[in-house]
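Protein chains in written order, with the working numbering: chain C, 759 to 884; chain V, 258 to 518. Note that CB positions come from ideal geometry on N, CA and C, so glycine has one too. Note that this is a predicted model, so its numbers are computed, not measured.
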């Protein structure tokens, strides 16, 4: 499976986060069809989702608003102070976000494994 | 189902292995050998047939937990590779039955007509996911230009001590979050309506990131993916600088199979 960026340029492999959101949250729940012979097995999962509408989200948005470059909208703001604030804030928040993203990327990276040989099922009639 | 079946397929106390179920396909599907499934070491994927149906399965060690990145990728890859050749009812990650007999009798036979009908509906159709994310800077500027209260709060926190202005920041963030949620609803409506004549069905997924703009699964007829691509291209141009759109697929119809019960 491939991903089309912006509707068609360059295909890239599917991210693990997308896979998780699909196969852990969607799909047919076999438990609903089979009861007696179902085997309970431990499933390790990671939650790649951001909790929406928490105070942390609000504070993060406020910080992002705070570091928006307003020089385009307002004249006469002391440039140096503005730059310092923007730089400082960006560093702090971005740093956290980047760390989280890297972690996920590592996780996805480890998951990439060569799967040699066809893995496609074919219909006899086709 | 007879009592003897129940006895046969009930897990034994000392059982070490189980049969992992990836999904259900029509019985006329053939499988290439050497496809590896979930687990460590990964079991070879097999077909368990019954009537018009077959289940894609592999043996797993039930004493070890499942869910490594390799397991998750294997589950998705096996199903998504199948969907281009044959319809498939994808099962949610983690379903294990006691043995192949149980898969044939309790899963396939017991629900035969329902599964066969569902597979007929999915014939020559596949799922595509359209996901869009807002450019943070663009969307924040949009919100500030439209909401006077947000702009006022922004001016009050700018340059102020973050701890002293915590309440104002929370207020500002909440306004921004709600404004983005409104935009998400409006943009999602726009996408779904633009796709109305180009898909069999659509399913709006819950946003999982606060910058999600649209997150919608579409069930699409084979050969109509080009129409989806054109719609996405048009929206990409209309939302240029504002939303980055991605299309994923074809994949198994995870969002369009019943959850049973």
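Straight-line Cα distance separating residue j from residue i
i              : j              : result
residue 776(C) : residue 508(V) : 12 Å
residue 488(V) : residue 510(V) : 20 Å
residue 786(C) : residue 365(V) : 13 Å
residue 286(V) : residue 469(V) : 38 Å
residue 812(C) : residue 309(V) : 49 Å
residue 783(C) : residue 349(V) : 7 Å
residue 275(V) : residue 815(C) : 42 Å
residue 456(V) : residue 817(C) : 39 Å
residue 335(V) : residue 282(V) : 12 Å
residue 441(V) : residue 383(V) : 25 Å
residue 271(V) : residue 361(V) : 22 Å
residue 832(C) : residue 445(V) : Only weak support is given to the placement of residue 832(C): the predicted model assigns it a pLDDT of 44, under 50, and the value that follows is read from those uncertain coordinates. Roughly 33 Å separates the two Cα atoms.
residue 426(V) : residue 390(V) : 23 Å
residue 505(V) : residue 292(V) : 23 Å
residue 418(V) : residue 825(C) : 14 Å
residue 288(V) : residue 358(V) : 19 Å
residue 472(V) : residue 460(V) : 9 Å
residue 387(V) : residue 464(V) : 12 Å
residue 330(V) : residue 322(V) : 15 Å
residue 795(C) : residue 466(V) : 37 Å
residue 305(V) : residue 448(V) : 40 Å
residue 798(C) : residue 316(V) : 14 Å
residue 886(C) : residue 404(V) : Lying outside 759 to 884, the shown extent of chain C, residue 886(C) is not represented and no answer is given.
residue 836(C) : residue 800(C) : In this prediction, residue 836(C) has a pLDDT of 38, which is less than 50 and means its spatial position is unreliable; nothing more can be read from the coordinates.
residue 788(C) : residue 346(V) : 11 Å
Cross-strand partners of residue i (DSSP beta bridge)
i              : result
residue 786(C) : 348(V)
residue 293(V) : 301(V)
residue 386(V) : 474(V) and 505(V)
residue 514(V) : Partner(s): none; residue 514(V) has no beta bridge.
residue 460(V) : 474(V)
residue 306(V) : 311(V)
residue 796(C) : 354(V)
residue 339(V) : Residue 339(V) pairs with nothing; no bridge assigned.
residue 316(V) : 276(V)
residue 391(V) : 500(V)
residue 282(V) : 311(V)
residue 827(C) : Partner(s): none; residue 827(C) has no beta bridge.
residue 323(V) : 801(C)
residue 469(V) : 390(V)
Contact set for residue i: own chain, Cβ-Cβ below 8 Å, skip 5 residues either direction
i              : result
residue 422(V) : 413 and 414
residue 863(C) : Bear in mind that a pLDDT of 36 at residue 863(C), under 50, signals an unreliable position, so the model cannot answer this.
residue 290(V) : 301
residue 408(V) : 401 and 402
residue 397(V) : 433
residue 369(V) : 307, 308, 309 and 310
residue 411(V) : 401 and 429
residue 437(V) : 391, 396, 400, 467 and 468
Neighbourhood of residue i by C-beta distance below 6 Å, restricted to the same chain and skipping five residues each side
i              : result
residue 379(V) : 344 and 510
residue 501(V) : 390
Residues of its chain near residue i, where Cβ-Cβ distance is below 7 Å and the 5 sequence neighbours each way are ignored
i              : result
residue 332(V) : 279, 295 and 350
residue 498(V) : 392 and 395
residue 385(V) : 475, 477, 482, 485, 504, 505, 506 and 507
residue 318(V) : 273, 274 and 296
Q) Given 8 Å as the limit, is there contact between the region 373 to 387 of chain V and the region 294 to 303 of chain V, that is, 3 or more CB pairs closer than that? A) The count of Cβ pairs closer than 8 Å, one atom from the region 373 to 387 of chain V and one from the region 294 to 303 of chain V, stays below three, leaving the stretches out of contact.
Q: Taking a Cβ distance cut-off of 7 Å, strictly less, list which residues of the region 416 to 438 of chain V are near chain C, in chain order.
A: Cβ contacts with chain C: 416, 426, 427, 429, 430, 431, 433 and 434.
Q) Name the residues in the region 334 to 351 of chain V whose C-beta lies less than 7 Å from a C-beta of chain C; which are they? A) If the cut-off is 7 Å between Cβ atoms, the region 334 to 351 of chain V has 334, 335, 337, 338, 339, 342, 343, 346, 347, 348, 349, 350 and 351 near chain C.
Q: Identify each residue in the region 360 to 383 of chain V for which the Cβ-Cβ distance to at least one residue of chain C is less than 8 Å, and report them in chain order.
A: Listed in sequence order: 363, 364, 367 and 368.
Q: Could you tell me whether the region 479 to 494 of chain V touches the region 325 to 334 of chain V, using the rule of 3 or more Cβ pairs below 8 Å?
A: The region 325 to 334 of chain V and the region 479 to 494 of chain V do not touch, with fewer than three beta-carbon pairs separated by less than 8 Å.
**Q.** Contact the region 439 to 452 of chain V vs the region 465 to 485 of chain V: 3+ CB pairs below 8 Å
**A.** Touching, per the Cβ criterion.
Q: Name, going along the chain, the residues of the region 438 to 453 of chain V whose beta-carbon falls closer than 7 Å to a beta-carbon of chain C.
A: Against chain C - using a Cβ distance shorter than 7 Å - the region 438 to 453 of chain V contributes no residues.
Q: Could you name the residues of the region 306 to 320 of chain V whose beta carbon sits closer than 8 Å to any beta carbon of chain C, in the order they occur along the chain?
A: Hits within the stretch, in order: 313, 317 and 319.
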